[in-house]
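Okay, structure first, notes after.
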Amino acid sequence: MSLRDLFRQVMAIYEEEKREKLSKERRAFQLVTKAIPEKIKTLPFVEPDRYIVKGSVGQGVWTDVPWVAVMDQKVTDSTQRGYYLVYLFSEDMRRLYLTLAQGVTETPRDEMERVNKEIRQRIPARGRVQTDSAIRLGESRRAKEYERSVAAYMAYSFDNLPPDEQLVSDLETMMDYYRQYVETERMGSIEPSPSDRAVVEHIHSYITAKGFYYTQEEVMNLVLSLKTKPFVILCGISGTGKTKIAQWLAESVGATEDNGRFTLIPVRPDWNDGSDLLGYVDIKGDFKPGPLTNVITEAENHPDKPYFVVLDEMNLARVEHYFSDVLSVMESRRWENGRIVSSRLLPKETAGRDLFLPPNVYIIGTVNMDETTHPFSKKVLDRANTIEFNRVRLDHLDFLRSLPTVAPLSVGQEWFAARYLHLKDVYAGHLALVETVTKKLVDINRILAPLGAHIGYRVRDEICFYLAYNEEGQFMEFQQAFDYCLMQKILPRLSGSDGRIERALKELFVLCAGFEPDGEYDRMLDLSYADYPKSAEKIWQMLRRLEDDGFTSFWLGA
């Protein structure tokens, strides 16, 4: 019988059997204490001479939260102390959690909190692994104690329990976390990692010290966008520092041109396929790698370091022509054994080896929109956060009066690494957020549908990822963060010259500002009190452009 079937049987019968006296003959007892542990012991990565596998439904009386634990004998041989992997069933048998947790009986609460914090700092979560406090086992005292003991977890539901292959893969991923922490613990304590907010404050200070004026919120937004998807577009009028903010961000975390972890690639107007970026086979049959391929090779050799690439003036050529292979492979990313992998970018027959897109490569495109450049297709816009830099304050000189030197901070790939690739990755830990965002996007889609500009699943998912990272890092209030999402994922799709675009923009303005536009678009309103002021101001500008010119687009004036 599969592991999935065994778990489902426990969840289906436990509440009914719990009404009767606890007995070794009960099916739930047999499943939890014998069948599931024996099944886990057969897995090749559960070394029998190292790990103890044990399950319990209680002693003398049924427990509210049955469990099955996998214990490293180097750490503990009892669930009363130490830390171990343990499957925890919720009291109502609707949820199952695979957790890295601690023994609650012999562990003081302050010690438990310290170890949980240490585990989360040393082993950053990836994929479906959550490190928040959103686990919900029930209302009993034992359930609450178990909840506090959990440092990391994966969540499942009875109605949507994944297939056996996924359950086994998830267990192997958590075993890797467990082993990593055991090894780092044996090597002794290490310096705690800086918080997300502390790193962003450092990046902002570094950029400011270079003599460039960006708000801390703008830096937060750029960082959140890169974590959401390793492809970001910076647009705006020439001279607003789009290339520089990308360069200084990279340099602030130790990625420079000298060490090969920051690369500026100027895009040429004659690029019409991927060979200029990725490479080509010459007349002799030798592969000549392109500039991006060289970066990828270095990044593969140093997976613990982030690598940054700037495609400067990327829309001088048609982005869909020379960048389509990278965009497609970026969408193919998936989890395998707790790691992000992609489909092939170049085959062995072309490059001499199969070339993949590593997760530690971050691509930032800078664009100007004028008569020399090409517009973006929805394929490109769907796959990036589009950040507009049009704010110019020539008279703002206060920040220049005292420019302390700020040294780079060495930040590894684990800080930038994506933890979410699919909506199910984020749903378990941020259920309320996902449902709130989805409801708002459904309302927006009703407005956009007549234009054919409504969003699909990819945009919904990436907005949820952005907001989840924002919530975890405690960067911005929800409304501020959602405002950026509207600006960067929704509004760039809009353009037109007829009544449909006007109606859509007016409805979006009401959604963002809370009141009807009065049609006097030459009069700038105070929109600072709007729910989403950045988006409301941009929509106001687009409406004014429509009235003046008979056509409007997000990109006019960008």
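Quick note: the sequence shown, position 110, residue 110 per the UniProt record's numbering, numbers continuous.
We treat Cβ as the ideally placed atom computed from N, Cα and C, and that holds for glycine.
Just so you know, these numbers come straight off a predicted model, no measurement behind them.
Contact annotation: the segment 8-15 does not touch the segment 138-146, with fewer than three C-beta pairs closer than 8 Å. Assignment of F7 by DSSP, reduced to helix, strand and coil, places it in the helix class. For R333, the secondary structure class from DSSP, reduced to helix, strand or coil, is coil. DSSP lists no bridge partner for L508.
For S535 against D483, the beta-carbon gap comes to about 6 Å, under 8 Å, which counts as contact.
Between K41 and V53, the beta carbon gap of about 5 Å places them in contact (Cβ cut-off 8 Å). Around the Cβ of H430, a 10 Å sphere holds 16 or more other Cβ atoms; the residue is buried.
Looking at the backbone, the Cα of R19 and that of R120 are separated by about 38 Å.
Residue environment: K229 is assigned as buried (16 or more neighbouring CB atoms within 10 Å of its CB, all protein chains considered). Looking at the backbone, the Cα of K288 and that of D258 are separated by about 22 Å.
Contiguous beta strand (DSSP E) elements confined to the segment 150-188 occur at 150-157, taking only those with 3 or more residues. Note on geometry: alpha-carbon atoms of E502 and Q488 lie some 20 Å from one another. In this structure, V309 is the residue among V309, G285, K284, G274 with its C-alpha nearest to the C-alpha of W248. Sequence-distant partners of V182 (beyond 5 residues in either direction) whose C-beta falls short of 8 Å from its own C-beta, in its chain, are D72, K74, V75. The C-beta distance from V57 to V32 rounds to 5 Å, short enough to fall under 8 Å. If you compare the alpha carbons of L43, D64, V46, P37 with that of G55, the shortest gap goes to P37. Here K440 carries a helix assignment [DSSP, helix/strand/coil].
Along the length of the UniProt domain "ATPase dynein-related AAA" (232-383), whole beta strand (DSSP E) runs at least 3 residues long occupy 262-266, 279-281, 287-289, 307-312, 334-336, 339-341, 344-346, 361-367, reported in chain order.
Less than 7 Å divides the Cβ of F475 from the Cβ of M220.
By alpha-carbon distance to A101, the top candidate from W67, Y206, R95 is W67. Residue burial annotation: P358 is buried, with at least 16 other C-beta atoms found within 10 angstroms of its C-beta. A direct Cα-to-Cα measurement between D92 and V341 gives close to 36 Å.
Around the C-beta of R500, fewer than 16 other C-beta atoms lie within 10 Å, and the residue is accordingly described as exposed.
In the DSSP secondary-structure assignment, I387 is bridged to L234. Taking 7 Å as the cut-off, the beta carbon of E516 is found no closer than this to the beta carbon of L527. Each residue's CA atom was taken as its position, placing R26 and E16 some 11 Å apart. In this chain, the alpha helix (DSSP H) harbouring D483 covers 478-485. Linking N368 to T386 through their CA atoms gives a straight-line distance of about 12 Å. Residue pairing by DSSP puts W67 in a beta bridge opposite S56, L88. Relative to the Cα of Y469, the nearest Cα in the group K39, E172, S90, L226 belongs to L226. At a Cβ-Cβ threshold of 7 Å, F45 and E172 count as neighbours.
Annotation for R544: the continuous alpha helix (DSSP H) segment containing it runs 533-549. When S23, R344, A28, A407 are compared, the shortest CA-CA separation from D5 is found for A28. With respect to the 7 Å criterion, I463 and E507 are not classified as neighbours on the basis of their beta carbons. Bounds of the beta strand (DSSP E) holding R95 are 95-102. Per DSSP, I135 lies in no alpha helix (DSSP H) segment and is marked neither H nor E.
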